[in-house]
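Everything on this sheet refers to the single structure shown next.
Number of protein chains: 2
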Amino acid sequence: MKPNTSRKTRPRPGFALERFVPYRLSVLTNIISRTFGRLYGERFGLGIPEWRVMAVLGRFAPLAANDVCSRTAMDKVRVSRAVEKLRRAGLVEHAVDARDRRRSRLRLSAAGHRMHDAIVPMGLAAEALLLDGLTAAERRTLDKLLDKLTARAMAIAPAALDPSGPDPGDT
Amino acid sequence: MKPNTSRKTRPRPGFALERFVPYRLSVLTNIISRTFGRLYGERFGLGIPEWRVMAVLGRFAPLAANDVCSRTAMDKVRVSRAVEKLRRAGLVEHAVDARDRRRSRLRLSAAGHRMHDAIVPMGLAAEALLLDGLTAAERRTLDKLLDKLTARAMAIAPAALDPSGPDPGDT
DNA sequence: GGTATTTGGTTTCATTTGAAACTATTATTC
DNA sequence: GAATAATAGTTTCAAATGAAACCAAATACC
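Sequence order for the protein chains is E and S.
Take the first sequence: its letter number 2 is residue 2 in our numbering, and every next letter is one higher.
Just add 1000 to the spot in the second sequence (first one is 1) and you have our numbering.
Encoded structure:
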């Protein structure tokens, strides 16, 4: 089965990582995440988790941390830490829900709103730049593909992976 | 449980994170990475970095760590650590290039080849499952989109982010 | 009422990660 | 042919991450 043990780097017929969709998605996403993360980080001192929290609070407020979790697709630990950072930076205000004192009521502060409104156009511009070379049809397909693939991936995932899952570790 | 968009939570016109392409890509990729990572991890005790190294070594061998970096789009630290794990597991053999004694010559061991050949069909099956609901046209567009967007993202990235960059820290 | 269970959120701990520093070898320059 | 720069790869250190433990408040159950 191996008559040709050559000295040089022989490309074997087998498996082509560079065509493997999960790999390619990962590479693409990592490049984008680093680029955008640096964008937010350099000019605003925010990481991606913080930016996501600000994004949803800028649109829906007030929210409980829990709602932020579902809307940002981040787990509660990340949300908790991001909120804490934003609070210390004076960008987010935290209050306790009067009806259910476990729940928090999070909203952007005035400074938070100003920063939010400054970041959003930047993000949208960067997104536009990214999508620049795509035809209108390709954009539509991209949109559809993202929805389809995400739904599909969530269906495939062994359910324990679902971040909105029932906190299986908690006693 | 009804979605808590009742009284106070007013959706404002502003920015819709849930439509933002970088965000959606990140969510999709995270789900897939965790699913695949768990797949490899549970049955073979490998993480994604290790699996990637095995994948390229299964196809091109021998490679220097450097070549693995470029082919897997991982930085040298990750590659170094993944190779070390694989060596300890007896899946990868490490030799020194005679012509340039800094360079390594990495290849799969016999056991590594067996594991590689066992994993590949599993990965391909999972990929097929993921792409299951897509039409042939959508698949073609996906393929094109991944290439286009990756090229675009690399072009946009401030160059310092390029993982194949000139090791700016190393003085 | 009182106890058990669930839920919202934080903290702890071990692992992963990457930037920068470091070692060893080769290439360059004078 | 030293001195210097560049390259391959490893190690160190600090930050990010997530699973599980944890605390506090609210519900369910009796």
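Even for Gly, the Cβ is constructed at its ideal location relative to N, Cα and C.
Quantities reported herein were computed from a predicted structural model and do not represent experimental measurements.
Determine the direct distance from the alpha carbon of E:P22 to that of S:L1142, and round the result to whole angstroms.
-> For the purposes of this step, residue 1142 of chain S is identified with residue 142 of the second sequence, where counting begins at 1. For the purposes of this step, residue 22 of chain E is identified with residue 22 of the first sequence, where counting begins at 1. Whole-angstrom Cα-Cα distance: 12 Å.
Bridge partners of S:R1114, per DSSP?
-> Residue numbering aside, residue 1114 of chain S sits at position 114 when the second sequence is read from its first letter. As DSSP reads the structure, S:R1114 sits in no beta bridge.
Closer than 8 Å, Cβ to any Cβ of chain E: which residues of the segment 1025-1044 of chain S, in chain order?
-> Taking 8 Å as the Cβ-Cβ cut-off against chain E, the residues of the segment 1025-1044 of chain S that qualify are L1025, S1026, V1027, L1028, T1029, N1030, I1031, I1032, S1033, R1034, T1035, F1036, R1038.
With S:L1028 and E:T150 assumed to form a contact (beta carbons below 8 Å), what rounded beta-carbon distance in angstroms separates them?
-> Here residue 1028 of chain S refers to the residue found at position 28 of the second sequence. Here residue 150 of chain E refers to the residue found at position 150 of the first sequence. Contact check for S:L1028 and E:T150: beta-carbon distance about 5 Å, within the 8 Å limit, so the pair qualifies.
Tell me which same chain residues have a C-beta within less than 6 Å of the C-beta of S:G1037, skipping the five on either side of it?
-> Residue numbering aside, residue 1037 of chain S sits at position 37 when the second sequence is read from its first letter. So the qualifying residues of the chain are I1048.
How would you label S:V1096, buried or exposed, when you count the other beta carbons within 10 angstroms and need 16 or more for buried?
-> By 1-based counting over the second sequence, the position of residue 1096 of chain S is 96. Of the residues assessed, S:V1096 falls on the exposed side of the cut-off, its CB having fewer than 16 other CB atoms within 10 angstroms.
Other residues of its chain near S:R1081: CB distance less than 8 Å, five sequence neighbours each side excluded | Sequence index remark: in the second sequence, residue 1081 of chain S carries index 81 (1-based). The residues are P1049.
Would you verify that the beta carbon of E:T135 is, or is not, closer than 8 Å to some beta carbon of chain S?
-> Walking along the first sequence from the start, residue 135 of chain E turns up at place 135. False, the Cβ-Cβ gap to chain S never drops below 8 Å.
Pick from E:H94, E:H113, E:I119: whose alpha carbon is nearest that of E:G41?
-> To locate residue 41 of chain E, count along the first sequence from 1; it is residue 41. Answer by Cα proximity: E:I119.
What's the gap between the Cα of S:D1067 and the Cα of S:S1033?
-> Here the question's residue 1067 of chain S lines up with position 67 in the second sequence. Here the question's residue 1033 of chain S lines up with position 33 in the second sequence. The straight-line gap separating the alpha-carbon atoms of S:D1067 and S:S1033 is approximately 23 Å.
With 8 Å as the threshold, decide whether the Cβ of E:G58 is near any Cβ in chain S.
-> Taking the first sequence and counting its residues from 1, the one referred to as residue 58 of chain E is at position 58. Using a CB distance cut-off of 8 Å, E:G58 counts as an interface residue toward chain S.
If we count the other Cβ atoms within 10 Å of its Cβ and call it buried at 16 or more, is S:P1013 buried or exposed?
-> Here residue 1013 of chain S refers to the residue found at position 13 when the second sequence is read from its first residue. A residue is called buried when at least 16 other Cβ atoms come within 10 angstroms of its Cβ; S:P1013 does not meet this threshold and is exposed.
So, does the CB of E:A159 fall closer than 8 Å to a CB anywhere in chain S?
-> As a working note, residue 159 of chain E is residue 159 in the first sequence. Only weak support is given to the placement of E:A159: the predicted model assigns it a pLDDT of 47, under 50, and the question is left unresolved by the model.
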